[in-house]
Amino acid sequence: MPTLSWPSLFSSDALVLLALLLIALASLKLLPLREIYDTVNSRVSPPFSVQHAVNSYSQYSRLSKQELGRMRASYTRLLSWQQKRVAYDMGYTKKLNRYAEVIDLNAQFFAKVCSLAESQYGVSPLPGAGDLTRVRESLRHLVRDWSAEGARERQITYASILSALETLSLPQGSSILLPGAGLSRLAYELALRGYAATACELSAYQNLLFHLVRSCSQANQYSIYPYAHWFSHSLSSADLFRPVQIPDVVPTHPITLLSADFLSLPAQPTHDALITLFFIDTSTNLLSTLTHIHALLKPGGTWINLGPLLWTPGQQAAMECSLGEVLWASERTGFVFEEQAGGGKTRTVECEYTADPRAMMRWVYRAEFWVARKA
Numbered sequence: 073m074p075t076l077s078w079p080s081l082f083s084s085d086a087l088v089l090l091a092l093l094l095i096a097l098a099s100l101k102l103l104p105l106r107e108i109y110d111t112v113n114s115r116v117s118p119p120f121s122v123q124h125a126v127n128s129y130s131q132y133s134r135l136s137k138q139e140l141g142r143m144r145a146s147y148t149r150l151l152s153w154q155q156k157r158v159a160y161d162m163g164y165t166k167k168l169n170r171y172a173e174v175i176d177l178n179a180q181f182f183a184k185v186c187s188l189a190e191s192q193y194g195v196s197p198l199p200g201a202g203d204l205t206r207v208r209e210s211l212r213h214l215v216r217d218w219s220a221e222g223a224r225e226r227q228i229t230y231a232s233i234l235s236a237l238e239t240l241s242l243p244q245g246s247s248i249l250l251p252g253a254g255l256s257r258l259a260y261e262l263a264l265r266g267y268a269a270t271a272c273e274l275s276a277y278q279n280l281l282f283h284l285v286r287s288c289s290q291a292n293q294y295s296i297y298p299y300a301h302w303f304s305h306s307l308s309s310a311d312l313f314r315p316v317q318i319p320d321v322v323p324t325h326p327i328t329l330l331s332a333d334f335l336s337l338p339a340q341p342t343h344d345a346l347i348t349l350f351f352i353d354t355s356t357n358l359l360s361t362l363t364h365i366h367a368l369l370k371p372g373g374t375w376i377n378l379g380p381l382l383w384t385p386g387q388q389a390a391m392e393c394s395l396g397e398v399l400w401a402s403e404r405t406g407f408v409f410e411e412q413a414g415g416g417k418t419r420t421v422e423c424e425y426t427a428d429p430r431a432m433m434r435w436v437y438r439a440e441f442w443v444a445r446k447a
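So the numbering used here is basically just the index in the sequence shown, starting at one, shifted up by 72.
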C-alpha cells in the first residue's frame, strides 16, 4: 500500500478527486429537520405524526395477537396437566379466545381510522415499529371524551372550568384556546355555549379519532372494547370485555382544530381566555409554556387551569416543579391569581383520568384548579 505524503495530496489525481467530492456535496439538498418531519411519507416519522399514528393503528391486531400468543405460551408452559384442567373448567381458555375475538373487533374499528387517514391525508401504513401502548390509550380517551360511560369523569373535571367561564360573563363568540385538547370534547362543549373554541392538539392519534367521531352519522355508531387489554383488577370477564358505544353525541357545532405543537403557534394576543386541562405537566419547558400562554391572551385575558403535576419520566423536562414553584413562575410571567374558596390561589379537585369505573382499583388525582388574569 503506497504511503501518502503531504505533497502527494496535491497531485493532479488527488485534486481531481477532491473537486468531484465538492461538486457532489454541493448538489445535495440538505433539508432542515422540520421539512423532514413534516413529510408524512418519510420513514423518519416523529412519535405523534399522522404517519406514526397510522402505522400504530394498522399494527394493533398483529401486536396484540403477539402478546396474546405469549399469554397462551405462559399458560401452556407454567401449568401442570391437572392445573390446565382446573383452568379449563374455570373458563380461562374461553377467556383467552374471547380476547382474540375482541382484538379482531377493535382492529375493524382501527381499520376505519386508517381508511380515514388515507382519504384525508393520503397517508398509508409503512413498515416500521408501532406503538401499541398509545393505541390502547386512545381507546380509553374515546371513552372519556365521547361516551356516556365517560360522562361522570367529564362532569367532575369540566364543572369548575365551565363555572369559571360563566363568572367571566364573556360575550358570545369570545375566542377560547385549548392547548393539549385531546379528543376535543371540552372544546365542543364550549362551542355549544356560543364560544369560538380553538382546540390545539399535537398528537395525530387524538386528531384522527376526533375526525372519525366528527364524521359519524349517528350517536353510538361504533362499539369499542377499551378495557380488554389489562386483565388486572377486573371483577369479571364480562366487565373486562364489555363494549362501549361512541360517540354519545355527534359533534355538529363547529370548532377550529389546530394539529400543531402549542409552542409553535404565533405569539399574538388574540384570545379572550385559555384553558389548560391536564396539560401543564406535559411541558418539557414549563417557563416557555407559561410565557406562551401569556403571549396568546389579550390584555386582561383569563387563564383557567385544572390538572396534576405528573411530570412524565423519560421526557427530559427542563424542570420538574412543585405547585408552589409553578405559581411563583406564573406570577413572575405576569399573571395575577384570583382568590379561590378558602382564600388561596388554588383549590383541589379530586378526579380520575380515563378510569375504568368497574375496576377494583382507583387512581385519583388531587388536581389543582386556578383562574389567573394576564396583567
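Ideal Cβ positions, reconstructed from N, Cα and C, are used throughout, including at glycine.
Proximity of residue i and residue j at Cβ, strictly below 7 Å
i: E392; j: E225; result: no
i: L258; j: D333; result: no
i: A271; j: S247; result: no
i: V398; j: R445; result: no
i: M432; j: H301; result: no
i: V207; j: Y132; result: yes
i: A172; j: A276; result: no
i: V195; j: V122; result: yes
i: L346; j: L249; result: yes
i: N127; j: L198; result: yes
i: A236; j: I376; result: yes
i: L378; j: F441; result: yes
i: H213; j: L264; result: no
i: A427; j: P380; result: no
i: H521; j: G416; result: There is no way to answer for residue 521, as the model of the chain reaches only from 73 to 447.
i: S355; j: T348; result: no
i: G222; j: L135; result: no
i: R419; j: Q412; result: yes
CB-CB length for residue i against residue j, believed under 8 Å
i: H470; j: L335; result: Residue 470 lies beyond the residue range present for the chain, which begins at 73 and ends at 447; the question has no answer from this structure.
i: G254; j: Q293; result: Actually they do not touch by this definition, with Cβ atoms about 20 Å apart.
i: Y321; j: Q290; result: The sequence given here places Val at residue 321; Tyr does not occur at that position. That pair is no contact at about 10 Å.
i: L151; j: L168; result: Contact flag wrong, Cβ pair sits at about 13 Å.
Residue i in three-state terms, based on DSSP
i: N169; result: helix
i: L346; result: strand
i: E209; result: helix
i: G396; result: helix
i: C288; result: coil
i: E422; result: strand
i: Q192; result: helix
i: S295; result: strand
i: L94; result: Low per-residue confidence applies at L94: pLDDT is 44, beneath 50, and the placement is therefore not dependable enough to give any value.
i: F120; result: coil
i: S83; result: Only weak support exists for where S83 lies, its pLDDT of 47 falling under 50; the value from the coordinates is given anyway. Three-state result, S83: coil.
i: I327; result: coil
i: F182; result: helix
i: K417; result: coil
i: L369; result: strand
i: V158; result: helix
i: V126; result: helix
i: T356; result: coil
i: F303; result: coil
i: L150; result: helix
i: G222; result: coil
i: T384; result: coil
Beta-carbon contacts of residue i that lie in its chain and below 8 Å, excluding the five residues immediately before and after
i: V436; result: E422, C423, E424
i: G297; result: According to the sequence as given, residue 297 is Tyr; it is not Gly. Excluding positions up to five away in sequence, the list reads V174, L177, N178, L211, F313, R314, P315, V316.
i: R170; result: S309, F313
i: L188; result: L280, H283, L284, S287
i: G373; result: P341, H343, D344, A345, L346, R445, K446
i: G245; result: G266, Y267, A268
i: Y260; result: A269, P323, H325, I327
i: P104; result: Residue placement at P104 is poorly supported in this model, since its pLDDT is 30, which falls under 50; the coordinates still yield a value, given next. Nothing meets the Cβ criterion.
Cutoff 7 Å; reference residue i; Cβ partners in own chain excluding five residues on either side
i: W153; result: none
i: V185; result: Y129, L280, L281, L284
i: N357; result: A390
i: K218; result: Note that residue 218 is Trp in the sequence shown here, rather than Lys. If we look at W218 and ignore the five residues flanking it on each side, its Cβ neighbours are L255, R257, V285, I318, P319, D320.
i: R430; result: L307, D311
i: S402; result: L362, A444
i: F181; result: Y294, I296
Identity of the residues DSSP links to residue i by a beta bridge
i: L274; result: Per DSSP, none; premise fails for L274.
i: N377; result: T348, W442
i: S247; result: A268
i: F313; result: Paired residue(s): none; F313 is not in a bridge.
i: I318; result: Y294
i: F407; result: K446
i: Y437; result: C423
Contact with chain D by residue i, beta-carbon distance below 7 Å
i: T354; result: The displayed structure is made up of one protein chain only, and chain D is not part of it.
Residues near residue i by beta carbon distance below 6 Å, same chain, minus five either side
i: I228; result: C423
i: S295; result: P315, Q317
i: L383; result: Sequence inspection shows Trp at residue 383; the Leu mentioned does not correspond to that position. Contacts found: D353, A389, E392.
i: E410; result: V443
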